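Take 7 as the starting number for the sequence shown in my numbering and just add one per residue.
Structure first, then comments.
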Amino acid sequence: MDQRRFFTWLLLTAAMFFLYTSMLKNPQQQQPQPPQNAQAAGDLNADPLLRENGEEAKAEVDAGNIGEINEAAKGANATGYPEQMVTLGSMDPTRGFNLLVSLSSRGAGVQRAELIEQKQPGRFKFRALEHDGGYLGYLAWQPHPKGVRIRLIPPGCPAELAKSTSTAGGLLVDDVLTEINNQSVDSPTAAQLTLQKIKPGKTVDLVVLRQVDGSERSLKFTTELIEAPLDVLRTDEFMSEVVPGNYETSSLLTTLASLNGTRIPAGRNVIPALAGTLSANWEVKPLEVVGGEGVEFRLPLDGFLENTGRPKQLDLVKRYRLLPQATEVAGQDGYILDLETVVVNRNDEPVEVALRQLGVAGLTLEGWWYSVKISPHMFS
Numbered sequence: 007m008d009q010r011r012f013f014t015w016l017l018l019t020a021a022m023f024f025l026y027t028s029m030l031k032n033p034q035q036q037q038p039q040p041p042q043n044a045q046a047a048g049d050l051n052a053d054p055l056l057r058e059n060g061e062e063a064k065a066e067v068d069a070g071n072i073g074e075i076n077e078a079a080k081g082a083n084a085t086g087y088p089e090q091m092v093t094l095g096s097m098d099p100t101r102g103f104n105l106l107v108s109l110s111s112r113g114a115g116v117q118r119a120e121l122i123e124q125k126q127p128g129r130f131k132f133r134a135l136e137h138d139g140g141y142l143g144y145l146a147w148q149p150h151p152k153g154v155r156i157r158l159i160p161p162g163c164p165a166e167l168a169k170s171t172s173t174a175g176g177l178l179v180d181d182v183l184t185e186i187n188n189q190s191v192d193s194p195t196a197a198q199l200t201l202q203k204i205k206p207g208k209t210v211d212l213v214v215l216r217q218v219d220g221s222e223r224s225l226k227f228t229t230e231l232i233e234a235p236l237d238v239l240r241t242d243e244f245m246s247e248v249v250p251g252n253y254e255t256s257s258l259l260t261t262l263a264s265l266n267g268t269r270i271p272a273g274r275n276v277i278p279a280l281a282g283t284l285s286a287n288w289e290v291k292p293l294e295v296v297g298g299e300g301v302e303f304r305l306p307l308d309g310f311l312e313n314t315g316r317p318k319q320l321d322l323v324k325r326y327r328l329l330p331q332a333t334e335v336a337g338q339d340g341y342i343l344d345l346e347t348v349v350v351n352r353n354d355e356p357v358e359v360a361l362r363q364l365g366v367a368g369l370t371l372e373g374w375w376y377s378v379k380i381s382p383h384m385f386s
């Protein structure tokens with residue numbers, strides 16, 4: 007390199023160095039201007055729709071996932087509807103259902119789905135082999151100071167078929183199970199451990215507490231346990247399948263993805279003002295389904311959208327339908343759960359919305375037993 011070219015290269019290098027250092031001293035040139043949109047800027051408090059409203063929003067939004075749903079419905083946006091559990095399908099083989107679905111009014115989601123096609127009464131085509139103890143049915147147990155409270159009685163399950171010399175019918179929702187075969191039951195885990203020691207087909211003695219005419223009575227029942235069907239979806243983890251991070255969250259939860267152009271903030275799972283849609287109790291209505299069963303859940307959004315500056319008279323509606331197997335109808339094998347979701351606009355003006363439909367949670371995990379669960383012809 008000759009002397010003239012060397013000085014030219016040196017001057018260019020110096021100029022670039024001084025330009026670079028001047029940009030470092032002037033942050034206005036280095037950094038982009040803040041976006042005008044408050045949502046894009048991350049200022050979630052600038053828009054009432056994006057403002058976290060109560061503890062339910064903190065549980066849902068701050069955590070960055072829906073697994074932190076707990077007591078969200080107790081916040082400012084509580085709906086006032088009672089918690090209800092609903093079952094679609096029946097373990098009674100004469101009904102022809104191959105799928106048993108348990109749903110909760112909290113978030114209008116699926117808590118459990120079991121494959122109940124039976125080779126003979128009480129003997130399921132698809133089994134949960136690691137659940138080798140006796141099964142009462144999915145009762146959605148809840149801890150209680152005196153035992154475990156029963157929140158659900160699926161039709162045709164051993165709990166419903168239980169017999170007593172003191173009363174007609176079997177176990178009921180809100181009964182508190184206190185004993186199984188003279189063993190005290192003080193938690194859902196204790197009940198599970200006790201049943202694990204009893205084989206399917208065995209008769210068990212049960213003791214429950216029940217409110218009768220305003221007073222608490224202790225009632226004794228007997229019933230025959232069955233084997234556990236394959237539970238393809240669930241919110242309560244079986245002891246051998248506990249996986250850290252697998253949240254106890256219902257499946258198929260629904261919320262609004264956007265309202266009049268305002269979207270769920272990046273990295274979040276729900277619009278903050280609507281966090282309760284995933285956890286509050288929805289209204290439960292019967293849904294007539296010709297030849298099958300159904301249920302409708304409805305959630306008015308008026309309380310959630312109050313003081314947000316948006317049209318508030320909106321309803322989220324979810325309709326679940328389940329049909330039994332029908333040999334005369336092609337494709338109707340009894341394993342299809344139908345979900346219809348509707349947004350009802352009760353405002354005078356049009357509203358632009360988009361839905362966010364969450365998928366399934368609590369899928370059965372694979373293991374050494376999986377091929378036997380799914381195929382009765384493992385060795386062929």
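Where a beta carbon is used, it is the ideal one built from N, C-alpha and C, also for glycine.
These figures come from a predicted structure and were not determined experimentally.
Secondary-structure assignment with DSSP links R352 through no beta bridge to anything. Straight across, the Cα-Cα distance linking L55 with V182 is about 42 Å. With contacts defined by Cβ atoms closer than 9 Å, L178 and C163 do not form a contacting pair.
Cβ-Cβ distances below 6 Å link E346 to R325 in the same chain, with the five nearest sequence neighbours on each side left out; the list follows chain order.
Around S221, the same chain offers no residue with a beta carbon nearer than 8 Å, after the five sequence neighbours per side are excluded. If the five residues before and after E166 are omitted, its C-beta is found closer than 6 Å to the C-beta atoms of I159 and G176, all from its own chain and listed in chain order. A straight line joining the alpha-carbon of Q338 with that of R316 spans about 43 Å.
Residues I186, N187, Q189 and V191 of the same chain have their beta carbon placed closer than 8 Å to that of T200, with the five preceding and five following residues left out of the count. Remark: three or more beta-carbon pairs, one from each stretch, lie closer than 8 Å, so the segment 252-266 and the segment 355-367 are flagged as touching.
If you compare the alpha carbons of F310, E358, V296 and K205 with that of T268, the shortest gap goes to E358. Cβ-Cβ separation between T241 and G368: approximately 5 Å, consistent with a contact (criterion under 8 Å). Taking C-alpha positions only, S193 is separated from L215 by approximately 15 Å.
Remark: C-beta atoms of N287 and P99 do not approach each other more closely than 9 Å. If you ignore the 5 residues before and after D344, its C-beta comes within less than 6 Å of the C-beta of R327, all in its own chain and listed in chain order.
Taking the Cα of L231 as reference, the smallest distance to any Cα among M91, M97 and G86 is reached at M97.
Between the segment 273-285 and the segment 104-119 there are three or more inter-stretch CB-CB distances shorter than 8 Å, so the stretches are counted as touching.
For G300, the secondary structure class from DSSP, reduced to helix, strand or coil, is strand. Residue pairing from DSSP places S108 in a beta bridge opposite T93 and R118.
Taking the Cα positions, Q148 is about 16 Å away from S256.
Under DSSP, H150 shares a beta bridge with G153. When secondary structure is reduced to three states using DSSP, A165 falls in the coil class, being assigned neither helix nor strand. The Cβ atoms of V290 and E299 do not sit closer than 9 Å to each other. For E312 against L236, the beta-carbon gap comes to about 44 Å, at or over 8 Å, which does not count as contact. From the listed residues Q217, L293, I122 and P278, the smallest Cα separation to R57 is found for P278. Residue nearest to K131 within the set G139, N104, V154 and Q117 is N104 (criterion: CA-CA distance).
Spanning the alpha carbons of P151 and Q198 requires a straight line of approximately 17 Å. Here D53 is buried: its Cβ has 16 or more other Cβ atoms, across all protein chains shown, within 10 Å.
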